[in-house]
Amino acid sequence: IRLLKFVVSVIGIALVWMALKVGRAVEYQKTILVPSGLDTKMVVTGDDISEEGIEFYAQRITSLRFTYSPGTARKYFTLLLRMYSPEAYPDAWKALYDLADKIETANVTSVFYLDKLTVDKKNKQIIAEGVSRKYKDNTPLDSGGVHCIISYKVHQGMFQILKIEEREKK
């Protein structure tokens with residue numbers, strides 16, 4: 353009986369010790385996700401993201417938002433909408449699909465060239481500047497500078513857009 357008590361006690365202590373070790377292991381666990389197109393190291397911790405990650409998302413956002421044709425606008429805008437936060441989604445959905453209607457009706461194509469990217473991590477904003485060239489039926493319409501402010505947040509490790517404000521640069 354003493355031997356049985358001793359064995360049960362040792363097994364109990366071993367289980368408690370293992371439970372504590374598993375708990376610590378979970379604390380130090382990392383999940384590595386590699387978005388397609390990412391060629392540099394990006395670190396996301398809680399509600400923060402590295403500068404490389406912000407630049408990656410900014411390039412993707414500006415490409416999806418400002419480069420389109422009548423056949424691709426809705427598809428690109430749908431991909432962009434996946435990046436919006438739930439509270440910003442309804443307004444963004446309406447604005448982007450209204451724009452898609454105009455693009456399809458007018459048969460306009462746009463190409464965007466990113467020139468400068470500035471990250472303000474304190475205010476969680478990305479300032480993107482570039483040139484947008486628009487075409488109607490393969491005829492050049494105009495070229496203009498675009499100044500875009502992307503407000504974002506990182507929630508539970510996910511990059512989310514809060515708002516995209518765009519201004520034409522003169």
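Its first residue numbered 353, the sequence shown is counted upward by one per residue in the working numbering. Note that CB positions come from ideal geometry on N, CA and C, so glycine has one too. Here the structure is a predicted model, which means the values were calculated and not measured.
- Cβ atoms of L451 and A410 stay farther apart than 8 Å, at about 20 Å.
- Under the Cβ criterion (8 Å, minimum of three pairs), the region 439-448 does not count as touching the region 456-472.
- In the DSSP assignment, the residues bridged to R519 are H499.
- DSSP places L431 in the uninterrupted alpha helix (DSSP H) bounded by A425 to L433.
- The C-alpha of K515 is placed about 10 Å away from the C-alpha of C500.
- Taking the CA atoms as reference points, V395 sits about 28 Å from E518.
- A contact between stretches requires three or more CB pairs, one per stretch, nearer than 8 Å, and the region 495-514 meets this requirement with the region 477-485.
- Taking the C-beta atoms as reference points, K505 is found no nearer than 7 Å to K474.
- Rounded to whole angstroms, the Cβ separation of Q512 and S437 is 4 Å, and the two are in contact under 8 Å.
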